[in-house]
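*Asks:* Structure in structure tokens, see below.
Numbering (the working numbering), first residue to last: 42 to 154.
Take a look at the structure:
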């Protein structure tokens, strides 16, 4: 996960990756897998996994759109190369955030003996 960074923008997110990420043309949200985790969610795109903490889910919920822009970059490059964009349906974000909120509220703290 350390080779992937996420930046928040008005209409979604920018995902920076170190390795080459080739998005399929017109992949849409079919190229993305979203899953609930204890900290928020994970997003898997073409075998690349990104952590999406709950704050990022809130940002996607309230932003002007839910677009994920992908760029390839390394610490030694000044310009990141654009790889493409995948829009996520806002309803999917709302379902994911709701599932995470339910999961977070149902976790029971262990009681010491």
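Quick reminder that beta carbons are idealized off the backbone N, C-alpha and C, glycines included.
1) Under the three-state reduction of DSSP, which class applies to residue 9: helix, strand or coil?
2) In angstroms with no decimal places, state the Cα-to-Cα distance between residue 70 and residue 94.
3) Measure the C-alpha to C-alpha separation of residue 53 and residue 104 and round it to an integer number of angstroms.
4) Is the separation between the beta-carbon of residue 74 and that of residue 85 shorter than 8 Å?
5) Rounded to the nearest angstrom, what separates residue 124 and residue 136 at their Cα positions?
6) Hey, quick one: how far does the alpha helix (DSSP H) through residue 133 stretch, first residue to last?
7) Less than 6 Å between C-beta atoms, sequence neighbours within five positions excluded: which residues of the same chain meet that for residue 114?
8) Taking all protein chains shown into account, do 16 or more other C-beta atoms lie within 10 angstroms of the C-beta of residue 88, making it buried, or fewer, making it exposed?
9) Can you check DSSP and say which residues form a bridge with residue 74?
10) With distances taken between CB atoms, is the gap from residue 55 to residue 117 smaller than 8 Å?
*Replies:* The structure says:
1) Only positions 42 to 154 of the chain appear in this structure, which leaves residue 9 out of reach.
2) Stepping through the chain shown from its first residue, residue 70 is reached at position 29. Stepping through the chain shown from its first residue, residue 94 is reached at position 53. Here residue 70 scores only 47 on pLDDT, less than 50, and its place in the model should not be relied on; the value that follows carries that caveat. Cα-Cα distance, rounded: 19 Å.
3) Taking the first residue of the chain shown as 1, we reach residue 53 at position 12. Taking the first residue of the chain shown as 1, we reach residue 104 at position 63. Approximately 6 Å, taken between the alpha carbons.
4) One-based indexing of the chain shown puts residue 74 at position 33. One-based indexing of the chain shown puts residue 85 at position 44. Closer than 8 Å, so yes.
5) Position 83 of the chain shown, counting from 1, holds the residue named residue 124. Position 95 of the chain shown, counting from 1, holds the residue named residue 136. Cα to Cα, the separation comes out at about 27 Å.
6) Looking up residue 133 in the chain shown gives position 92. Per DSSP, residue 133 belongs to the alpha helix (DSSP H) from 131 to 147.
7) Here residue 114 corresponds to residue number 73 of the chain shown, with the count starting at 1. Correct list, in chain order: 57, 121.
8) Here residue 88 is taken as the residue at index 47 of the chain shown, counted from 1. It counts as exposed.
9) Stepping through the chain shown from its first residue, residue 74 is reached at position 33. In the DSSP assignment, residue 74 forms a beta bridge with 85.
10) Counting from 1 along the chain shown, the entry for residue 55 is found at position 14. Counting from 1 along the chain shown, the entry for residue 117 is found at position 76. Not a contact, by the Cβ cut-off of 8 Å.
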